[in-house]
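A.B. asks: Our numbering puts the first residue of the sequence shown at 444, with every later residue one more than the last. We put the beta carbon where it would ideally sit given N, CA and C, even for glycine. Sending over a structure as structure tokens; questions will come in a sec.
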Amino acid sequence: MNRRGFLLTAAAGALAARTTPTSALARWPAKPVKLVVPFAPGGGSDIIARLLAPKFLEMLQQPLLIENRPGASGTIGADVVAKAAPDGYTLLMSNNASIATAPLVYGKTPYQPVAGFVHVVMIGSFANGFLVRADHPAKSFPEFISLARQQPGRLTFASAGPGSAGHLTGELLKIRAGIDIQHVPYKGTGPAIVDLVSGQIDALFDGLPASLGYIRSGKLRSLAISSAKRLPALPNVPTINEHIPGVVGTAWFGISAPARTPQVIIESLQDAVQRCLAMLDLRARYAEIGVVPSGQGEREYTAFIEQEIAQWAPVIKAANVKAD
């Protein structure tokens, strides 16, 4: 091959390299999409992801496969996604723990919580219930606080893990109420609920999606919730803020992709999820389990995450929260 022929062949190859990916991107998703939930099955993020999955299939004609990768307050699953190919086929169910607070609690994570991802769309948020077993001696939130003051260091509360919304809300409660209760971390809320029902722990800060069924069946009681105002799903349950001013903390969640994922995929994914969240039947199902839908896009969701990091950093420092 002469020099001119070589250059023409090379140019054609370069053009193909540039155009083929664009053609492939236009067909996204051309196969099932994996959504990594960084907590155990049965927790709030898991429930919300599984409710979204059939709507995703309906919207994009490809399955949304849920893969649970629990551990280390969601950082194990988040790291899997951060290191995945940026092709739109491996996504993260991002949340307050794995993105906003666990990096502060652990000191360092193997990924950058903001720059390591494209935070595509916020799905919504939910309050944590302050839960006790049905036969716990405290019949109200003030009674539990009174017991804690009478027995400093003896009562326990559990959460989905260090840096989770439940953990940090509990630490904020300890500061504001002036009580000493011991934190017991779990790898997700599912196992914690089992131990709470059996009496292994005294209380649990848990997201309402995972716990409402237990509350409605009478196996657990919610003495209070961590939202700023009462919720339609539990209209007779007071907020913690009604008794201990300033104790408000919700869990939030969304979908994030690895950094450098092409913008055309980001925009398609954001649009699809936003349209799913506009479906009345999905919104109604979320409302039944205490979820407040959002739909914030990439720019707004990223700004929200940065605000959450700034909000909880002082609490983590004041309470000396560290990974257990």
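Are the CB atoms of residue 682 and residue 529 nearer to each other than 8 Å?
C.D. replies: In this structure, residue 529 does not lie closer than 8 Å to residue 682 by Cβ.
A.B. asks: What are the complete beta strand (DSSP E) segments, minimum 3 residues, inside the region 656-685?
C.D. replies: Listed in chain order, the complete beta strand (DSSP E) runs (minimum 3 residues) inside the region 656-685 are 663-668.
A.B. asks: Would a C-beta distance cut-off of 8 Å place residue 535 and residue 715 closer than the cut-off?
C.D. replies: Not in contact: residue 535 and residue 715 (Cβ atoms no closer than 8 Å).
A.B. asks: Distance, Cα to Cα, residue 558 vs residue 498?
C.D. replies: Computed Cα separation, rounded: 29 Å.
A.B. asks: Between residue 632 and residue 690, is the Cβ-Cβ spacing less than 8 Å?
C.D. replies: No, the pair does not count as a contact, with Cβ atoms beyond the cut-off.
A.B. asks: From residue 514 to residue 485, what does the alpha carbon distance come to, in whole angstroms?
C.D. replies: About 14 Å.
A.B. asks: Please list, in chain order, all residues of the same chain as residue 538 whose beta carbon is under 7 Å from its beta carbon, the five residues on each side excluded.
C.D. replies: Around residue 538: 488, 517, 694, 695 and 696.
A.B. asks: Identify, in the order they occur along the chain, each residue of the same chain with its Cβ nearer than 6 Å to the Cβ of residue 647, setting aside the five sequence neighbours on each side.
C.D. replies: Counting only Cβ-Cβ distances below 6 Å, and skipping sequence neighbours, we find 574, 601, 635 and 639.
A.B. asks: Does DSSP put residue 628 in a helix, a strand or coil?
C.D. replies: Correct three-state label for residue 628: strand.
A.B. asks: Might you give, ordered along the chain, the residues of its own chain that have their beta carbon closer than 8 Å to the beta carbon of residue 747, omitting 5 neighbours on each side?
C.D. replies: The residues are 565, 695 and 739.
A.B. asks: Identify, in the order they occur along the chain, each residue of the same chain with its Cβ nearer than 6 Å to the Cβ of residue 616, setting aside the five sequence neighbours on each side.
C.D. replies: The residues are 690.
A.B. asks: Please classify residue 568: is it buried, with 16 or more other beta-carbons within 10 angstroms of its beta-carbon, or exposed?
C.D. replies: With 16 or more other Cβ atoms within 10 Å, it is buried.
A.B. asks: Going along the chain, which residues of its own chain have a beta-carbon closer than 6 Å to the beta-carbon of residue 729, five neighbours each way excluded?
C.D. replies: Once the five neighbours on either side are set aside, the close Cβ partners of residue 729 are 736.
A.B. asks: Could you check the C-alpha separation between residue 578 and residue 544 for me, to the nearest Å?
C.D. replies: Straight-line Cα distance between these residues: approximately 33 Å.
A.B. asks: Report the option in 711, 700, 520 and 732 whose CA atom is closest to the CA atom of residue 674.
C.D. replies: Of the listed residues, the one whose Cα sits closest to residue 674 is 732.
A.B. asks: To which residues does DSSP link residue 560 through a beta bridge?
C.D. replies: DSSP, once it has assigned bridges, lists 701 as partnering residue 560.
A.B. asks: So the candidates are 531, 576, 547 and 588; which of them puts its Cα closest to the Cα of residue 560?
C.D. replies: Minimum Cα distance to residue 560 is reached at 531.
A.B. asks: Counting only the same chain and skipping the five closest in sequence on each side, list residues whose C-beta sits under 6 Å from that of residue 596.
C.D. replies: Same-chain partners within the cutoff: 623.
A.B. asks: Please identify the residue among 618, 540 and 741 whose C-alpha is closest to the C-alpha of residue 708.
C.D. replies: When each option's Cα is compared against that of residue 708, the closest is 741.
A.B. asks: Just curious, the beta strand (DSSP E) that residue 509 is in, first and last residue?
C.D. replies: That run of the beta strand (DSSP E) goes 507-511.
A.B. asks: Bridge partners for residue 477 per DSSP, in chain order?
C.D. replies: Its beta-bridge partners are 508 and 533.
A.B. asks: Can you name, in chain order, every residue of its own chain whose Cβ lies under 6 Å from the Cβ of residue 540, other than the five neighbours on each side?
C.D. replies: Hits under 6 Å: 516, 517, 606 and 607.
A.B. asks: So what does DSSP say about residue 492, is it helix, strand or coil?
C.D. replies: Helix, per DSSP.
A.B. asks: Under a CB-based cut-off of 8 Å, is residue 600 close to chain B?
C.D. replies: Looking at the structure shown, chain B is missing, and only one protein chain is on hand.
A.B. asks: Count the other CB atoms, across all protein chains shown, that sit within 10 Å of the CB of residue 679; report buried if there are 16 or more and exposed otherwise.
C.D. replies: Residue 679 comes out exposed.
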